[in-house]
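Inspection log for the structure reproduced underneath, given as structure tokens.
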Amino acid sequence: MTAVMQPGMDHVDLAPADADIALRAIGVSCWFGKRKVLEGVDLAIARHSVVALIGPSGCGKSTFLRTLNRMHELVPGASLAGSVELDGTDIYGSELRPSEVRKRVGMVFQKPNPFPAMTIRENVLAGLKLTGSKTSEPNELVEWALTRASLWTEVRDRLDTPGGSLSGGQQQRLCIARSLAIKPDVLLMDEPCSALDPTSTRRVEETIGEVSEEVTIVIVTHNMQQAQRVSDTCAFFLAEENQPGRIVEFGATEQVFSNPVDPRTNDYVNGRFG
Amino acid sequence: MTVALRPRRPRSLRPSDALRSVGVFGAAIVVTLLAFLFTPLDGGLGFVVIAFAVFLALEYAMVRQTMDRKHAIDHLVSTLVYICAVLTALPLVLIVGTVVVKGLPGLSLNFFTKTLEGVDPSASSTVGGALHAITGTLTQVGFAVIVTVPFGILTAVYLTEIEGRFTGIVRLLVDAMSGIPSIVAGLFVYAIWVIGPGHGFSGFAASLALSILMLPTVARTTEEMLKLVDPSLREASLALGSPQWRTVGQVVLPTARAGIVTAVILGVARVAGETAPLLMTAFGNDKVISPAAAFHEPQSALPLFIFQQLAQDQRERAWTAALALIGLVLLLFMLARLVSRKARAR
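Residue numbers (this note's numbering), protein chains in the order written: chain A, 1 to 274; chain B, 1001 to 1346.
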């Protein structure tokens, strides 16, 4: 882990004890076919923290995110090296099935994607149905998840209308509620606000702040202000020309934005490229 | 003072343009008539072709007066495209029109409630009815749907969701299957079911032949419908920890439900009018056969009924049955459109 440690970060614990690490990536490299897009990424994600992954397009941050819940391998021709530990267990090991990993590490996508054939209520409960789990209190769970996603007051009177009838911002919050309803340990968010208007973006950011009390969040964002607003720590990814992406800098968000160690980080966060 | 706003659609056809086209059309007819009167030109088809050419030439010359060359050519080509579109619809209108005109006189309550059991072949066409043929078609197509729907949907799921090593070859085979001539499907069933094991002619044998013809339509149309399902929904489902079979069953298929219904109805419409395979399988009968008896007894069907009535020179009865058949297929198409439109509205 020494590679990602930076000096002068005493206010955020970047080398927490193992028990406080929710997710640890060790030497993760990724390929699409023969093209290497990510190389040697080490990252320790503290429990109940919000980690932002920033960097220019094509630097491999979304790909990295998708290695954390085994979604990367769904792309034909995709492969990877290294390992990812979830509470100390390798998610690519034989102990865990991909579906178990994904149940514990939820994901919210760039484009809102509620299930169109389901109502709002069914969308929230979809995770249970799809994993064959049951709950004795479905109504309570629906209310809990929608409240967590700050959508409850807007939809409480129309839970049985199709999920697709909501606005884009509401749909994204419905997707967050859907992910929360299966009580994941970690929630991955891949540019969750890039298709949303400023008001919806603010609501989603508030949601992130609220749920981070119980869930560890890893968020990919192109919005520097958003990264500053929501995250505790921040990893800057960069792919030099014709090179796979790497982590250039990882540290407390405040540190990365105000006093970065690497000059390239400084250039990026100040909008000089990317 | 407020100005009253009247909504209008911009760029609609100008009355003067329409008037000019009508005038040019009349002129073209007159010119062609004159040409036919004073030259040895002859024949109906020739008249239509020459009038059409004269119309296009005159129309071009007229619009060229007010437009430059590019716009005049643009106008000429659009006119040509419009006319071709209308011509394409013409055969359908003529067919349906002929069938309605010839079939309506024979249409009575009898047609839907009586059979030809015990009816003398030379009796007037208003005696007896086609109940046995209508129920036969419904039974045979119904069985074919029961056989085809699971196979068709599972094939489509294999082609789009599993994408195993054999996807390419399966798709090729399904495509090749859709090219099987219907009479070959009939002969095949005749060989392996009717005479081979000696089950004899039956409605069920007809269903088997229809299934062979229907399967590729259902499988390929369903495949196209499943391809339309947003891949991000599959990702969302898998990301929730769903195994693939649940993703397909709970997310992909329900999302494509209306499309799958359309696929099945298109498959039914494809085979409802098949005649050739029925000759060697259902064979024909004059009485109503129950679905249970259809496994071992010959049965009639609407296309077969039309064919056999024509052979006995009972033209009116055949036309009426043709009308009933077209009505049935039309009903199914309308149902398919309705279902798919409803799905789009969601």
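The beta carbon of each residue, even a glycine, is placed where N, CA and C say it ideally should be.
Item: Step through the CB atoms of chain A and report whether any lies within less than 7 angstroms of the CB of G1168 of chain B.; Value: no
Item: Between the C-alpha atoms of L1233 of chain B and V1251 of chain B, what's the straight-line distance to the nearest angstrom?; Value: 7 angstroms
Item: Show which residues of chain B have a CB atom less than 7 angstroms away from the CB atom of K129 of chain A.; Value: Q1250
Item: Going along the chain, which residues of the region 1231–1263 of chain B sit with their C-beta nearer than 8 angstroms to a C-beta in chain A?; Value: S1232, L1233, E1235, A1236, S1237, L1238, A1239, L1240, G1241, S1242, P1243, R1246, T1247, Q1250, V1251, P1254, T1255 and R1257
Item: What's the C-alpha gap between R1171 of chain B and P1197 of chain B?; Value: 31 angstroms
Item: At what residue ranges does the region 68–112 of chain A contain a whole run of the alpha helix (DSSP H), taking only runs of 4 or more?; Value: 98–104
Item: Please report whether the beta-carbon of M224 of chain A lies at a distance below 7 angstroms from any beta-carbon of chain B.; Value: no
Item: What does the Cβ neighbour count give for C1084 of chain B, buried or exposed, with the cut at 16 atoms within 10 Å?; Value: exposed
Item: Whether or not the region 135–148 of chain A and the region 1258–1268 of chain B are in contact is what I'm after, with contact meaning three or more pairs of Cβ atoms, one per stretch, closer than 8 angstroms; do they touch?; Value: no
Item: Between which two residues does the beta strand (DSSP E) containing V218 of chain A stretch?; Value: T216 to V220
Item: Under 8 angstroms between beta-carbons, which chain B residues line up against K111 of chain A? List them in chain order, please.; Value: S1232
Item: Could you tell me if the beta carbon of R102 of chain A falls within a distance shorter than 6 angstroms of some heavy atom in the ligand SAM?; Value: Looking at this structure, you won't find the ligand SAM or any other ligand, since it has none at all.
Item: Please decide whether T2 of chain A counts as near chain B, where near means a Cβ-Cβ distance under 7 angstroms.; Value: For T2 of chain A, the pLDDT reaches just 39, beneath the cut-off of 50, and the residue's location in the model is therefore unreliable, leaving the point undetermined.
Item: In chain order, what residues of the same chain lie with their CB nearer than 7 angstroms to the CB of Q1308 of chain B, ignoring the 5 residues before and after it?; Value: G1284
Item: Kindly give me the distance between the Cβ atoms of G245 of chain A and A252 of chain A, rounded to whole angstroms, as I take these residues to be in contact under 8 angstroms.; Value: So it is not a contact: roughly 22 angstroms between Cβ atoms.
Item: Between the region 147–164 of chain A and the region 69–81 of chain A, do three or more beta carbon pairs fall short of 8 angstroms?; Value: no
Item: List, in chain order, every chain B residue whose beta-carbon is nearer than 7 angstroms to that of L196 of chain A.; Value: Ordered by position in chain B, no residue passes the 7 angstroms Cβ test against L196 of chain A, which lies about 16 angstroms from the chain.
Item: Should H1075 of chain B and S1300 of chain B be called a contact, given that it needs their Cβ atoms to be closer than 7 angstroms?; Value: no
Item: Taking only the alpha-carbon atoms, compute the straight-line gap between R1220 of chain B and A1144 of chain B and give it to the nearest angstrom.; Value: 17 angstroms
Item: Can you list the residues of chain B that K134 of chain A reaches, using a CB-CB cut of under 8 angstroms?; Value: Per Cβ cutoff of 8 angstroms: no residues; K134 of chain A is ~14 angstroms from chain B at best.
Item: Here's the rule I'm using: 16 or more other beta-carbon atoms within 10 Å means buried, otherwise exposed. How should I1260 of chain B be labelled?; Value: buried
Item: Decide if N123 of chain A is buried, meaning its Cβ has at least 16 other Cβ atoms within 10 Å, or exposed.; Value: buried
Item: In chain B, what lies closer than 7 angstroms to I182 of chain A by C-beta?; Value: L1240 and G1241
Item: Between the alpha carbons of Y1060 of chain B and R1341 of chain B, how many angstroms are there, rounded?; Value: 40 angstroms
Item: Taking the C-alpha atoms as reference points, what is the distance between Q1312 of chain B and P1121 of chain B?; Value: 7 angstroms
Item: Please confirm if M107 of chain A has its CB atom under 7 angstroms from at least one CB of chain B.; Value: yes
Item: Would you say F115 of chain A faces chain B, with C-beta separation under 7 angstroms as the test?; Value: yes
Item: With 7 angstroms as the threshold, decide whether the Cβ of S99 of chain A is near any Cβ in chain B.; Value: yes
Item: Verify the CB distance criterion: does R24 of chain A have a CB-CB separation below 7 angstroms to chain B?; Value: no
Item: Indicate whether the contact test is met: 3 or more Cβ pairs, each with one atom in the region 1315–1325 of chain B and one in the region 1146–1165 of chain B, closer than 8 angstroms.; Value: no
Item: Is the distance from the Cβ of R121 of chain A to the Cβ of L151 of chain A below 7 angstroms?; Value: no
Item: Look at T1217 of chain B and R1270 of chain B and say whether their C-beta atoms are less than 7 angstroms apart.; Value: yes
Item: Under a Cβ-count criterion, where at least 16 other Cβ atoms within 10 Å of its own Cβ denotes burial, should M1334 of chain B be classed as buried or exposed?; Value: exposed
Item: Rounded C-beta distance between V220 of chain A and L23 of chain A? I'm assuming under 8 angstroms.; Value: Their Cβ separation, rounded to whole angstroms, is 14 angstroms, which puts V220 of chain A and L23 of chain A out of contact at 8 angstroms.
Item: Give, in chain order, every residue of the region 70–99 of chain A whose Cβ lies closer than 7 angstroms to some Cβ of chain B.; Value: M71, L74 and S99
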